[in-house]
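Under this note's numbering, think of the first position of the sequence shown as 10, with each following residue one higher.
Note that the Cβ used here is the ideal one computed from N, Cα and C, for glycine as well.
Values in this document were obtained by computation on a predicted structure and should not be read as measured data.
Structure, as structure tokens:
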Amino acid sequence: MIKKRIPFILVIALLLVPLSAFIHLTTGEIYVSLNDFLSAIFEFKGNNSTHVLIREFKIPRILIAIVAGGGLALSGMLMQTLFNNPLAGPYVLGINSGASLL
10 MIKKRIPFIL VIALLLVPLS AFIHLTTGEI YVSLNDFLSA IFEFKGNNST
60 HVLIREFKIP RILIAIVAGG GLALSGMLMQ TLFNNPLAGP YVLGINSGAS
110 LL
């Protein structure tokens with residue numbers, strides 16, 4: 010039963026990443042329509058403030074969030090694999106204690 014659920018959950022998670030990225034790109038202080046979004050991606054004009062907002066601020070922020078989240082997920086998976094413990098957390102290696110020194 011669990012083996013059948015894992016691919017379904019993975020597909021849903023992989024669909025939610027681009028959807029949430031698109032929602033982040035089109036919402037905020039300035040409303041960005043789908044036409045403006047596609048225009049900023051494929052026909053960048055440096056004098057258009059919406060294009061600059063999307064290209065220079067929102068897209069790098071999304072990419073950094075995806076990379077940071079993936080890195081945290083990977084480090085958690087490696088810790089659980091290393092200790093053969095599905096509940097292994099940062100307390101196992103003393104990561105929380107070391108983080109308190111900062």
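Neighbourhood of residue i by C-beta distance below 7 Å, restricted to the same chain and skipping five residues each side
i	result
A97	M88, Q89
P95	Q89
Candidates the options: closest to residue i by CA position
i	options	result
S3	G107, I75, L102, F92	This structure leaves residue 3 out entirely; the chain is present only between 10 and 111.
S84	L47, L62, I104, F66	I104
I71	L23, K13, P27, V61	P27
G79	F53, R64, A22	A22
Classification of residue i by the beta-carbon crowding that lies within 10 angstroms, buried from 16 upward
i	result
I32	exposed
L34	buried
A82	exposed
C-alpha distance - residue i paired with residue j, whole-angstrom precision
i	j	result
T36	K67	10 Å
F51	E38	23 Å
N57	A77	30 Å
Residues near residue i by beta carbon distance below 6 Å, same chain, minus five either side
i	result
K54	H60
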